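>
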Amino acid sequence: MANNASTADANKTKRALLVVDIQNDYFPGGLWPLCDMDAAADKAARVLEAARTAGDLVVHIRHEFTTTDAPFFKSESVGAQIHPKAQNLKDEYVVVKRYTNSYRETNLKEILDRHGVKQVVICGAMSQNCIDAVTRASFDFGYECVVIHDACATRDLEFNGIPIPAKYVHAAFMAALQFAYAKTVSTDEYLAGGKN
Numbered sequence: 001m002a003n004n005a006s007t008a009d010a011n012k013t014k015r016a017l018l019v020v021d022i023q024n025d026y027f028p029g030g031l032w033p034l035c036d037m038d039a040a041a042d043k044a045a046r047v048l049e050a051a052r053t054a055g056d057l058v059v060h061i062r063h064e065f066t067t068t069d070a071p072f073f074k075s076e077s078v079g080a081q082i083h084p085k086a087q088n089l090k091d092e093y094v095v096v097k098r099y100t101n102s103y104r105e106t107n108l109k110e111i112l113d114r115h116g117v118k119q120v121v122i123c124g125a126m127s128q129n130c131i132d133a134v135t136r137a138s139f140d141f142g143y144e145c146v147v148i149h150d151a152c153a154t155r156d157l158e159f160n161g162i163p164i165p166a167k168y169v170h171a172a173f174m175a176a177l178q179f180a181y182a183k184t185v186s187t188d189e190y191l192a193g194g195k196n
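This is how it looks when you write it as structure tokens:
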């Protein structure tokens, strides 16, 4: 997106929605499908609609690897594109990142600060990677953080031969963020008025 003056004037709420990595490769048929990604994206779409209605700043964050041997989100691939459920509008920012932390070597902080953002609302994927990283970094930059926990998704992992189901990966990271970095709420709670 471009620098749009009407968007700058519209953010009276001082709140931004960060829609993180809701991209085709994370969905069934993609190169790196997540557990319950469709359900999380449906919830993210509801939050996105509410943010647009409220006049919040909306920033879509899209990951794209630079190497052709990447396991997913290959440069200029269909899999690296934003999924239709969370598709950006023409006047919404799209930040392309190369690292887990959405602020690293991007203009995300510049965008937020230009619009006077005080609170960031976060949804997307993966819970233990980019959602964790952007939440912690946002907190460290001084933004108030809200994570919409059921609008985030991840996948089964393994550590030291121990299988870890996605629901436990997700719960552990949401619990850690809730402890020190963010308010965590469900989509229904957020839309019912738990925005502050």
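Final position of the sequence shown in UniProt numbering is 196; the numbers increase by one with none missing.
Using N, Cα and C, we set each Cβ at its ideal position, and we do this for glycine too.
In this text, all values refer to a predicted model and were calculated from it rather than measured experimentally.
1. DSSP puts H60 in a beta bridge; with which residues?
2. Determine the closest residue to L112 out of K74, E158 and Y143, with distance taken between C-alpha atoms.
3. So the candidates are T66, Q87 and A86; which of them puts its Cα closest to the Cα of S77?
4. Please say whether V58 and E92 have beta carbons closer to each other than 8 angstroms?
5. Does DSSP put A40 in a helix, in a strand, or in coil?
6. Is it true that the CB of K97 sits closer than 8 angstroms to the CB of H63?
7. To which residues of the same chain is N129 closer than 7 angstroms at the C-beta, ignoring the five residues directly before and after it?
8. If you run the structure through DSSP and keep just helix, strand and coil, what is K183?
9. State the start and end residues of the unbroken alpha helix (DSSP H) segment that holds L112.
10. Span of the beta strand (DSSP E) holding F159?
11. Excluding sequence positions up to five away, which residues of its chain have a Cβ less than 8 angstroms from the Cβ of K167?
12. Count the CB pairs spanning the stretch 169 to 182 and the stretch 134 to 143 that are closer than 8 angstroms, and state whether there are at least three.
13. Would DSSP call D150 helix, strand or coil?
14. Suppose you measure from the CA of S186 to the CA of E158; what does that come to, to the nearest Å?
15. For A192 and A40, which I take to be in contact (beta-carbon distance under 8 angstroms), what is that distance rounded to the nearest angstrom?
16. Give the DSSP-derived three-state secondary structure of A2 in the structure shown.
17. Under 8 angstroms, do F173 and D132 count as touching if we go by C-beta distance?
Reading off the structure:
1. In DSSP, H60 forms a bridge with V19 and V94.
2. Y143
3. T66
4. yes
5. Helix.
6. Yes, the pair counts as a contact, with Cβ atoms nearer than the cut-off.
7. T100
8. It is a strand residue.
9. L108 to R114
10. Segment L157 to F159, the beta strand (DSSP E) holding F159.
11. C35
12. yes
13. strand
14. 27 angstroms
15. Rounded, the Cβ-Cβ distance is 19 angstroms, inconsistent with contact.
16. In this prediction, A2 scores a pLDDT of 42, lower than 50, which makes its location untrustworthy; no coordinate-derived value is stated.
17. yes
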